[in-house]
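Heads up: the first sequence runs through residues 0 to 257, numbered per numbering that gives the first Met the number 0. Yeah, the Cβ is synthetic: ideal placement off N, Cα and C, and Gly gets one too. All values derive from a computational prediction rather than experimental measurement.
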Amino acid sequence: MILATWNINGIRARLDYILDWLAARKPDVVGLQELKAEEKNFPFEAFRQAGYSAVIHGQKAWNGVAVLSRGACEVLQAGLPGTSPAGARMLAVDTGGINFLSLYCPNGKSIEHPDFRSKLSWFDQLAVFLESGDRIDKDRTVIVGDFNICPEPIDSWNEELLAGTIFHTGEERQRLERIIKIGFEDLYRQLNPDTRMFSWWDYRGGAFYKNQGLRIDLLLASDLIASRVTEVYTDRDFRKKRDGRTPSDHAPVIAVLE
DNA sequence: ATGGCAGAGATTCTCTGA
C-alpha cells in the first residue's frame, strides 16, 4: 500500500502534472494541500478517470485540502473544530480501513505577525481534537500534510541562520511534539534517522538547485501502522519542470506499507 | 542539471506563500 502527501499549490494549475505523477507512482491514498479552489471547481471527473475517488474541503482562492483514494472515502470530519476563520485546512476520511487526515497547517508569516499566535492556537486545537478521540480511531490513523514546521535542525537547510525564525521556533516545535506524543511516528525520520532531505524549496533564487529547502511535509502514523512501513522518500523528480509543466514548490512525500 | 517565482482574483496590479 502506497500513501502520499503533496502540497500541489493550485489544483487547477497542477492537474496535468498530478495526473502524470499518479500514473507514474500509482499511490493508493494521497493527501493534497493548497487546492486554491472551491469544490465546484475541483476536477473530480479527471481523477475518476485516473482511478481515484476524491473528497475535498475547499474554499475560494486559498487553502483547501483533499484526499484521493483508489477505494471509497467516508468523510469523518471536514474542517478542524474551533478554527473556521483560519480557512479550509483539515479533512479526515476513512478509507481502506485507515483514518486518513490531510492537513494544511497555518504558515504564521513571521514570529512578530498576529498570524503566528493563530498558528500556535491552531496546533493546540488539533491536539485537542486528536486527544479527544472523537471521530478518529487513533490506533489506525495516518496524518499527512504540510505542517509548516521544521521538526528539528536537520530538517532545515540552514538552522544556524534561521533558528528562532518562523518554522524554526521552540514554540512551533513543541506543538508538533505534542501531536506526536499522542501516539504517532514521523515516518520519514523513523526510517531515515540521519538523512537530510527536504520536501519544499522556494521558487525564488534557485533554491531547488542549491538544495536550500525545508522538510515540512510529513506523514505521521500510529505505531501499529508505522510498524508496517518499509520505505519513505521525498519524490524529488516531481519538484522539477516536466514537459514544460511547472511543478509545485513542494515535492510529494511517499510511504510504502506492507 | 532541476535554471533563476508562481497562482488566484480583480484588472495590469495586489496578496499570499514558507
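Euclidean distance between Cα positions of aspartate 15 and arginine 188: The straight-line gap from Cα to Cα measures roughly 31 Å.
Go through its chain and collect everything with a Cβ distance to arginine 241's Cβ below 6 Å, but skip five positions before and after it. If we look at arginine 241 and ignore the five residues flanking it on each side, it has no Cβ neighbours.
Mark valine 54 as exposed unless 16 or more other C-beta atoms lie within 10 angstroms of its C-beta, in which case mark it buried. By the 16-neighbour rule on beta-carbons within 10 angstroms, valine 54 is buried.
If I measure Cβ to Cβ from isoleucine 10 and keep anything under 6 Å in the same chain, skipping five residues before and after, which residues do I get? For isoleucine 10, where only same-chain residues beyond five positions count, the Cβ hits under 6 Å are Leu34, Ala36.
Are the Cβ atoms of threonine 94 and serine 117 separated by less than 8 Å? No.
For glutamate 151 and asparagine 6, I'd like the C-alpha separation in whole angstroms. Taking the Cα positions, glutamate 151 is about 20 Å away from asparagine 6.
Taking buried to mean at least 16 other C-beta atoms within 10 Å of its own C-beta, is alanine 60 buried or exposed? Around the beta carbon of alanine 60, a 10 Å sphere encloses fewer than 16 other beta carbons of the protein chains shown; the residue is thus reported as exposed.
Kindly indicate which three-state DSSP category asparagine 43 falls into: helix, strand or coil? Correcting the residue type first, residue 43 is phenylalanine in the shown sequence and not asparagine. For phenylalanine 43, the three-state secondary structure derived from DSSP is helix.
Integer Cβ distance of valine 255 from threonine 233, believed to fall under 8 Å: With a beta-carbon spacing of about 13 Å, valine 255 and threonine 233 fall beyond the 8 Å limit used to define contacts.
Express the C-alpha separation of tryptophan 20 and valine 29 in angstroms, rounding to a whole number. So the alpha carbons of these two residues sit roughly 11 Å apart.
Using a Cβ-Cβ cutoff of less than 7 Å, which residues in the same chain neighbour alanine 206 once the five nearest sequence positions on both sides are dropped? Correct list, in chain order: Trp200, Gly212.
Can you say whether arginine 203 is buried or exposed, counting buried as having 16 or more other CB atoms within 10 angstroms of its CB? By the neighbour-count rule (16 or more Cβ atoms within 10 Å), arginine 203 is not buried but exposed.
Taking a contact to mean a Cβ-Cβ separation below 8 Å, would you say phenylalanine 183 touches alanine 126 in this structure? No.
Quick one: grab the DSSP three-state call for serine 247. It is coil, neither helix nor strand.
Would the beta-carbon of glutamate 171 fall within 8 Å of that of isoleucine 148? With respect to the 8 Å criterion, glutamate 171 and isoleucine 148 are classified as neighbours on the basis of their beta carbons.
Alanine 87 by DSSP, collapsed to three states: which one? Alanine 87 carries a coil assignment under DSSP once its states are collapsed to helix, strand and coil.
For the beta strand (DSSP E) that leucine 186 lies in, which residues bound it at each end? Leucine 186: not part of any beta strand (DSSP E); member of the alpha helix (DSSP H) spanning 186-190, first to last residue.
Applying the criterion that 16 or more other CB atoms from any shown protein chain within 10 Å of the CB defines a buried residue, is glycine 169 buried or exposed? It counts as exposed.
Given isoleucine 215 as reference, the closest of Gly96, Pro105, Val66 once Cα atoms are compared: Answer by Cα proximity: Pro105.
For aspartate 138 and leucine 100, the rounded distance between their alpha carbons: Cα-Cα distance, rounded: 13 Å.
Between leucine 18 and the rest of its own chain, which residues show a CB-CB distance below 7 Å, the 5 nearest in sequence each way excluded? Closer than 7 Å at Cβ, skipping near neighbours: Ala45, Ala49.
Comparing alpha-carbon positions, which option in Ser120, Gly81, Leu119, Met89 lies nearest leucine 31? Closest by alpha carbon: Met89.
Which residue comes first and which comes last in the alpha helix (DSSP H) that contains tryptophan 5? Unbroken run through tryptophan 5 is the beta strand (DSSP E), 1-6; no alpha helix (DSSP H).
Put glutamine 48 into one of helix, strand or coil per three-state DSSP. Glutamine 48 falls in the helix class under three-state DSSP.
Would you list the one or two residues that DSSP bridges to tyrosine 208? DSSP, once it has assigned bridges, lists no residue as partnering tyrosine 208.
So which of Ala12, Tyr51, Ile181 has the shortest CA-CA distance to alanine 22? It is Tyr51.
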